[in-house]
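Chemist: Heads up: the sequence shown begins at 40 in my numbering, then just goes up one per residue. Virtual Cβ for every residue (Gly too), placed ideally from N, Cα, C. Being a predicted model, the structure only gives us computed values, none of them experimental.
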Amino acid sequence: MDGERSTGNTKVPLQRLAKIRAAYARAGIRVFGFRVVEPHHDGTPHWHMLLFVRPEQVDELRDIFCYYTRLEDSEELRNLIKR
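1) What whole-angstrom Cβ distance do Thr108 and Arg65 have, given they're in contact under 8 Å?
2) Just the C-alpha distance for Phe91 and Pro78, rounded to the nearest angstrom, thanks.
3) Among Asp81, Ala62, Gly72 and Leu100, whose alpha-carbon lies nearest the alpha-carbon of His87?
4) Is the shortest distance between the beta-carbon of Arg69 and the beta-carbons of chain C less than 8 Å?
5) Just curious, the alpha helix (DSSP H) that Arg60 is in, first and last residue?
6) Could you tell me if Tyr106 is buried or exposed, where buried requires 16 or more neighbouring beta carbons within 10 angstroms of its beta carbon?
7) State the CB to CB distance for the pair Gln96 and Ile59, rounded to an integer number of angstroms; the pair is presumed to be in contact (CB under 8 Å).
8) Where do the N-terminal and C-terminal ends of the alpha helix (DSSP H) with Arg109 fall, by residue?
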């Protein structure tokens with residue numbers, strides 16, 4: 040496993056997470072939790088997250104998270120749905 044590769048690949052997800060956290064702040068959602076970055080066998084990182092939020096904010100939190108995580112690949116997702 041290439042350790043350099045696994046740490047270098049976290050830049051884009053961290054930038055996306057920063058946008059998500061900013062959107063949470065704008066929406067007044069106070070969230071806390073933690074994430075663990077774990078490399079696949081080829082060194083590609085994937086994340087596990089455990090987030091805590093008020094029950095009445097769960098849907099909005101999920102909507103914001105999904106919006107930002109799907110934004111970059113939305114065209115690819117639409118093409119898969121059309122098939």
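Modeler: In short, the structure shows the following:
1) Between Arg65 and Thr108 the Cβ distance is about 17 Å, and since that is not below 8 Å, they are no contact.
2) 24 Å
3) Gly72
4) Reference to chain C is not applicable here, since this structure consists of a single protein chain.
5) Lys50 to Ala66
6) Residue environment for Tyr106: exposed (fewer than 16 other C-beta atoms within 10 angstroms of its C-beta).
7) With a Cβ gap of about 14 Å, Gln96 and Ile59 do not count as contacting.
8) Val97 to Leu110
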